[in-house]
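>
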Amino acid sequence: MRGESIALASLTELQRDLMLALHWVNYGSSYPQAWCRPMDLGASNGSHHSGTLQALARKGLVRFKQRRGEEPPEGENGRKLWRGRGSKSYQVTPAGRLSVEVWRAAQRAAC
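Residue 257 in this note's numbering is what sits at position 40 of the sequence shown, and the numbering runs on without skipping anything.
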């Protein structure tokens with residue numbers, strides 16, 4: 218499933234909204250960020266953002282690394298640092314980017 222496009226319509230509304238926000242931060246903003254923290258997407262203490270991003274990572278739409286960890290190999294997630302913080306940064310995978318583009322094209326065609 219990791220190399221395929223997953224229809225964003227099959228995701229929950231929270232997952233889809235967070236996926237679109239992460240895609241915008243990684244690619245669409247005036248100052249794109251290669252890696253994004255949950256709080257860059259509107260997270261606060263106890264919000265759904267980290268759990269939702271982990272669910273998207275399990276689907277292969279996003280990948281993560283420990284915030285202060287090294288860049289993981291392409292297509293892989295980072296490893297937990299020993300005694301490191303649990304804080305992670307996220308980015309859209311190529312499959313996630315394709316899914317967003319397919320979903321946006323379908324939305325434009327429906328208008």
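Beta carbons: idealized from backbone N, C-alpha and C, even for Gly.
Only a predicted model underlies this, so the values are computations on that prediction, with no experimental measurement involved.
#1: What are the boundary residues of the beta strand (DSSP E) that includes valine 319?
#2: According to DSSP, is arginine 219 helix, strand or coil?
#3: Return the first residue and the last residue of the alpha helix (DSSP H) that arginine 275 is part of.
#4: Can you have a look at proline 249 and say buried or exposed, based on whether 16 or more other CB atoms are within 10 angstroms of its CB?
#5: Out of His240, Met256, Asp234 and Ala260, which one is the CA nearest neighbour of alanine 312?
#6: Based on Cα-Cα distance, which residue from Cys328, Val279, Trp320 and Ser304 lies nearest to alanine 251?
#7: Could you tell me the distance, in whole angstroms, from the CA atom of lysine 276 to the CA atom of arginine 233?
The answer reads as follows:
#1: Position 102 of the sequence shown, counted from the first residue, corresponds to residue 319. Segment 311–327 is the alpha helix (DSSP H) holding valine 319; no beta strand (DSSP E) there.
#2: Translated into positions along the sequence shown, residue 219 becomes position 2. Since pLDDT at arginine 219 reaches only 42, below the 50 mark, its modelled position is unreliable, and the value read off the structure follows with that caveat. Arginine 219 falls in the coil class under three-state DSSP.
#3: What you label residue 275 is simply residue 58 of the sequence shown in a count that begins at 1. Under the DSSP assignment, arginine 275 falls in the alpha helix (DSSP H) whose first and last residues are 266–275.
#4: Start at 1 with the first residue of the sequence shown, and residue 249 comes out as number 32. Under a 10 Å Cβ-count criterion, proline 249 is classified as exposed, with fewer than 16 other Cβ atoms of the shown protein chains found around its own Cβ.
#5: Locating residue 312 in the sequence shown gives position 95, where the first residue counts as 1. The candidate whose alpha carbon is nearest that of alanine 312 is His240.
#6: Here residue 251 refers to the residue found at position 34 when the sequence shown is read from its first residue. Ranking the options by Cα distance to alanine 251, first place goes to Val279.
#7: Position 59 of the sequence shown holds residue 276. Position 16 of the sequence shown holds residue 233. Per the coordinates, the alpha-carbon of lysine 276 lies some 12 Å from the alpha-carbon of arginine 233.
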